[in-house]
Amino acid sequence: CAGLRNLLQGLRFSAKYYSKHNPPQTMCPYSKIKPKKCHILDCSGSTCTHRTAPPGSILPFRFFSCKEGTKVPSKRKQNTSIVTSDLLHKNLLKSEQENWNDISPPYKAMTKRIKGKLEEVHNMYTLNSGSPRMRFGENVYFEENGCIFIAKADDDEGNADILFSIEDLGFSDAFIQRIRISPDQSYMAISLKSENSEEAACIIMKLGNFPVVEKVIPSVFSFEWAANDVLYYTTQKNLKCQNVFMTTFTYQKHTKLVYTEQDARFFVDLYCTKDRRFLTINSNSKTTSEVWLVDCRHPFESPALVQARTTGVFYHIEHRKEQLYILTTYGEPAEYKLMKAPVASSGKENWQLVYALEKKTKLVDFEMFSDDCIMFLKNAGHLYLNVISFVSHSVQSIQLPTWACEFELDSHPEHTSSTCYFQLSSPVHPPKRFAYSFKENNLIEQAVQEVPIITNCHTTRLLAKSKDETLVPITVFHNKNSKELHRRPLLVHVYGAYGIDLNMSFKEEKLMLIEEGWILAYCHVRGGGEQGLSWHRDGCQHNKLKGLHDLRACIMLLHELGLSQPKHTALAAASAGGVLAGALCNTDPALIRAVVLQAPFVDVLNTMMKTHLPLTIEEQEEWGNPLEDEKCMKYIKSYCPYQNIKPQCYPSVFITAYENDERVPLTGILQYVQKLRKAALDHASRKSKKGNWIPNIILDVQANGSHCDSSWEHSLNE
């Protein structure tokens, strides 16, 4: 343990303890306890889960880094421009921190009330909901309070042994991100991650009567067991994963490089087929993918290519009875289809169609079982299941509750399972567990449900007509008891990038707003993925303005229908959603009164011109390449929030940014705030009318936290 502590200290874990449910408890390792609750074990984080993201979008929030080149210490005199730039950055940061200290005190009373209410809601809905356990044969594994436990599946008394404890290793500042158990349960691989860093360390534990740390591997992104003692893993550097290694733990222990991706646009991760026959090495760009297979029966043999990458074609591999089942965009239309091919003849010329999605249908997730597979789908805002039987060659469609907006698939390590478990939620409905039984051919709502059911919230789905006549979906929530909706405050949400859906999972603050009379609206604009891959293509690169037109149309429709009015309307966006939100502030500031942005991407042009940033090259497939295409440069400049700031009456703006954000440059946000504030003041000074309104433009720079991960405590403080 001491050696592990020293190594991890070298990796600079410095974030607060991560626990979404309870504060950390000090526990003695390997003691018998009765667990109170558990987290989902197969937790790779919202930004990393291969299973819940289709090929090509493995890391949905992979945005720009603020690391503008690594500065190597040198005896030579520093470049004057670098020194000047650093000084400017520090001065801007200091100025904003002083402004925040001056402006925040009046909000303390409101902050205290809201914090108390959120804690009440959190305790009511989250602490009562237990996450599922992961079963391997006679054992179940689960994680709780930074500890990993093992218990007997048939033990009704709640006894469990601790296999691993972060606290006992002295690292309350890290959290468990991902766990993988070897096939014979002799080893366990764990990734530990800090809230302040994008990189994780992989810890391999040898299990048994007295579990011990076998090995620690720094800077690991994904990992899978190819055999009982053979682990494959990818390494991460500057937000990129391009190398795959294999390491063994018995007999002749060794580590070797097995795959290297040469194209900077591609990101590599690992996945095991459900029957554990193959480990797949997946290399994905924003538009294209390529898969290599490692036969788990012969883990030391070289990987075999399934199909060479073809521009614009994604594919993902599963396996069943010597057939590869291929989820792919190959063929027309360029949406996802399920195809199959023999293992021995895996080229696309041998791919045979099994099932094709309907038009404007979003593939949310896909799970393979021994005789069936389940597709989780979304059409016109509604979630449903398609169950494909490989035995009867039939497809059955299962409707899900109309309130459901988001789902989370439970872990199913045994592909022979006869039941598929999952959770449904919405921004105002806490997760509720369901199961689909293949034997009984029906949907089962889990009997044990301690979470109170939300009954006073009304859900409406609308369609707004955009500038080019395209119908854009909107999901609206409001309190059933609310009267005079045109007088109620409205919070609009937007994202519209990378083919990623708006996050509509349960949030305590959304339910609190509903209870206090707010209206919530989620605008599913083009550039996102709510209506399939074509919906994304219609809103990226030279089509980015379509997303802005969609957002404008959505807000105008809401007001026309009597859902609030401009002076009571706020707009919320995070990360790449800041592009559309910031653009709307420039083009239609009168539509909204306030904007709340979290780590927003607001300087597209300057960022895309800096190829030394680690993600710029791969992001060209989303935004275009302004360095080589003058038309692209002019197009980006036409909508870029920073480039189009001008003296006018802007809405009030609140921005949260992170000092350690590796994806969105903090410097760009600082400069954006300064320019926006100056434009608003210039406009106010020109209009000498008495009582002229001046917007609040506030930047809160968080010293802790990062772009993707945030603990409950950190989120509560924000």
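If you read the sequence shown in full-length UniProt numbering, its first letter stands for residue 1, the second for the next number, and so on. We put the beta carbon where it would ideally sit given N, CA and C, even for glycine. It should be emphasised that the depicted structure is a prediction, and the values quoted were computed from it without experimental measurement.
Item, Value
"Beta-carbon contacts of L485 that lie in its chain and below 6 Å, excluding the five residues immediately before and after", "G562, L563"
"Exposure of A570, with buried meaning 16 or more beta-carbon neighbours within 10 Å", "buried"
"I388 (DSSP reduced to helix, strand or coil)", "strand"
"Cβ distance (whole Å) where I148 is taken to contact F164 below 8 Å", "4 Å"
"With 16 other Cβ atoms within 10 Å as the buried cut-off, status of V140", "buried"
"Between the CA atoms of I190 and L270 - distance to the nearest angstrom", "15 Å"
"Cβ pair L409, D365 closer than 8 Å", "yes"
"Which residues DSSP lists as bridging W292, in chain order", "I281, L305"
"Contact check, L580 vs G532, beta carbons under 8 Å", "no"
"Distance, S302 Cα to P431 Cα", "43 Å"
"G528 versus K510 - alpha carbon distance", "21 Å"
"Residues near V72 by beta carbon distance below 8 Å, same chain, minus five either side", "Residue placement at V72 is poorly supported in this model, since its pLDDT is 29, which falls under 50; the coordinates are not used for a value here."
"Distance, L605 Cα to I645 Cα", "14 Å"
"Three-state secondary structure assigned by DSSP to R320", "strand"
"Nearest-angstrom Cβ-Cβ length linking F223 and C202, presumed shorter than 8 Å", "6 Å"
"CA nearest to the CA of W100, picked from L716, R178, N704, I697", "I697"
"Where the alpha helix (DSSP H) through C554 begins and ends", "544 to 560"
"Helix, strand or coil at D682 [DSSP, three-state]", "helix"
"W518 to W712 span [Cα, whole Å]", "23 Å"
"Reduced DSSP secondary structure (H/G/I, E/B, other) of S711", "coil"
"Rounded distance between the beta-carbons of E96 and V664, thought under 8 Å", "Contact flag wrong, Cβ pair sits at about 15 Å."
"DSSP three-state assignment for P626, whether helix, strand or coil", "coil"
"Extent of the continuous alpha helix (DSSP H) run through R537", "533 to 537"
"Under 8 Å between C-beta atoms of T402 and T328", "no"
"Backbone secondary structure at G116 - three-state DSSP", "helix"
"Strand pairing of F407, partner residues [DSSP]", "L424"
"Rounded C-alpha distance that separates L545 from Y315", "29 Å"
"Nearest candidate by alpha-carbon position, reference G539, set R677, E120, I636", "I636"
"C-beta contact flag for V492 and A521 at 8 Å", "yes"
"Which listed residue (A599, E290, G312) has its alpha carbon closest to that of S346", "E290"
"Where A334 sits in the DSSP three-state scheme", "coil"
"Alpha carbon of L699 to alpha carbon of L87, nearest angstrom", "19 Å"
"Buried versus exposed call for A703 [16 or more other C-beta atoms within 10 Å across all chains shown]", "exposed"
"Where T455 sits in the DSSP three-state scheme", "coil"
"Per-residue burial, S425 [other beta carbons within 10 Å of its own, 16 or more giving buried]", "buried"
"Rounded Cβ spacing between T248 and V230 (contact assumed at less than 8 Å)", "5 Å"
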